[in-house]
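The sequence shown begins at 297 in this note's numbering and counts up by one. The C-beta atom is built at its ideal place from N, Cα and C for all residues, glycine as well.
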Amino acid sequence: MSGNIGARYVWHNGEFVAWDDARVHVMTNALLYGTGVFEGIRAYSDGSQLYVFRLKDHIARFLNSIKLYGFGIDYGAEELTSAIKETLKKNEFRVDLYIRPLALKGYGPIGLDVRKLRTEVFVIAMPYGKYFEKEGIEIVVSSWRRLSGQTVPILAKATGHYVNSVLAKLEALNSGFDDAVLLNEQGRVCEGTGENIMMVKDGTIITPPLSAGILDGITRKSLIEVAGDAGLRVIERDIERSELYTADELFFVGTAAEITPILRVDGRIIGNGKVGPMATKLRLLFTDIVKGRVEKYRKWLEPVW
């Protein structure tokens, strides 16, 4: 039985393979040691055109992740851009999508010396809707701390790093919550299991800075610019755990999560317990932007067809 979930082809090292044939050997180094990097990218359909959101920025982060780990890759930004667009065309997609470029250290002997192993590169794409099905979610502050930049290069979006997120996510789900927020080593708010976080207090949007140990989120970066252009005040600063409980609004932001309101933290109601006006305003504006309806931000959209 095929598990292609609406996709038929995967790009692998310059060639297309059938979805069910996109496999790696059990001795793949990335499978044994987590030596891989990836990106999460969205593409949106306006009914006639398909737009990839901030493709250049995602590819730049992907290549920077590879550079941070010193893996090396046979493809540059132009070739990866072409590979992604050709994958969408090959699959004849016309709906909203999630795209995952993936670079893995490949087949080889047991061991940690990956210098001579080929970096296998894939482009995976599939129809995709909402990451969270709920209008607003309930989260918990995880007992697990976010990985430190003194332990791994946290600006890299690396497969092995996400074991940290899996632990926090499972802890949350097993306790009846939808997701978790992790604190950093200093005990300050860092990010969700796969999302950045934003807080609204007295009309100001506040979000942790890069120095808090967060991933340099592209959706986060976009919303900071969009909010500023709309005349909203945005501050990047450290956030204490206790500030979450008295926030007027909280929401996760990310490629998969987009803008997801947080209605409760650790059982405490945030604001009035409903989706707030800031999250509503930003979600409506963000939808218009990714669908190509705002001329000012069409620079962020890469048409496919």
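Own chain, CB closer than 6 Å to residue i, minus 5 neighbours either side, in chain order
{"i": "Asp-584", "result": "Val-590"}
{"i": "Leu-398", "result": "Phe-334 and Phe-418"}
{"i": "Met-323", "result": "Tyr-403"}
Residue from the options with nearest C-alpha to residue i
{"i": "Thr-556", "options": "Ile-433, Ile-406 and Lys-386", "result": "Ile-433"}
{"i": "Arg-564", "options": "Arg-579, Gly-456 and Ser-538", "result": "Ser-538"}
{"i": "Phe-548", "options": "Met-574, Ala-339, Gly-588 and Gly-366", "result": "Met-574"}
{"i": "Glu-375", "options": "Ile-355, Val-586, Leu-597 and Val-448", "result": "Ile-355"}
{"i": "Asp-370", "options": "Thr-324, Lys-401 and Ala-476", "result": "Lys-401"}
{"i": "Asp-258", "options": "Lys-570, Thr-551 and Phe-389", "result": "Lying before the first or after the last residue shown, residue 258 is absent from the chain, which here runs from 297 to 601."}
{"i": "Arg-357", "options": "Tyr-541, Lys-517 and Ile-493", "result": "Lys-517"}
{"i": "Leu-463", "options": "Lys-453, Val-477, Ala-454 and Met-323", "result": "Val-477"}
{"i": "Val-437", "options": "Tyr-424, Glu-487 and Ala-454", "result": "Glu-487"}
{"i": "Ser-507", "options": "Glu-532, Met-495 and Lys-497", "result": "Glu-532"}
{"i": "Leu-580", "options": "Val-522, Ile-535, Glu-598 and Lys-465", "result": "Val-522"}
{"i": "Asp-562", "options": "Leu-328, Leu-364, Val-410 and Gly-472", "result": "Gly-472"}
Start and end residues, beta strand (DSSP E) containing residue i
{"i": "Lys-401", "result": "393–401"}
{"i": "Ala-452", "result": "Careful: Ala-452 lies outside any beta strand (DSSP E) and carries neither H nor E."}
{"i": "Gly-407", "result": "Gly-407 -> no beta strand (DSSP E), and no H or E assigned at all."}
{"i": "Asp-475", "result": "475–479"}
{"i": "Lys-497", "result": "492–497"}
C-alpha gap between residue i and residue j, whole angstroms
{"i": "Leu-346", "j": "Glu-491", "result": "24 Å"}
{"i": "Lys-381", "j": "Arg-560", "result": "39 Å"}
{"i": "Gly-372", "j": "Thr-503", "result": "32 Å"}
{"i": "Leu-351", "j": "Leu-359", "result": "12 Å"}
{"i": "Gly-524", "j": "Leu-578", "result": "11 Å"}
{"i": "Lys-426", "j": "Gly-404", "result": "37 Å"}
{"i": "Val-448", "j": "Phe-367", "result": "15 Å"}
{"i": "Asp-342", "j": "Gly-588", "result": "7 Å"}
{"i": "Ile-558", "j": "Lys-412", "result": "45 Å"}
Chain-order list of residues whose beta-carbon lies under 8 Å from that of residue i (same chain, five-residue window excluded)
{"i": "Asp-474", "result": "Phe-428, Lys-430, Ile-433, Glu-434, Ile-435 and Ala-468"}
{"i": "Ser-444", "result": "Ile-450, Asn-480, Glu-481 and Gly-509"}
{"i": "Met-297", "result": "The predicted position of Met-297 is uncertain, since its pLDDT is 33 and thus under 50; no value can be drawn from it."}
Residue burial classification, residue i (beta-carbon count within 10 angstroms, cutoff 16)
{"i": "Glu-335", "result": "buried"}
{"i": "Arg-442", "result": "buried"}
{"i": "Lys-592", "result": "exposed"}
{"i": "Ala-314", "result": "exposed"}
{"i": "Asn-387", "result": "buried"}
{"i": "Gly-302", "result": "exposed"}
Where the alpha helix (DSSP H) through residue i begins and ends
{"i": "Gly-524", "result": "514–525"}
{"i": "Asn-460", "result": "458–470"}
{"i": "Ser-361", "result": "351–365"}
Beta-carbon proximity list for residue i, same chain, < 7 Å, skipping 5 on both sides
{"i": "Ser-461", "result": "Thr-489 and Gly-490"}
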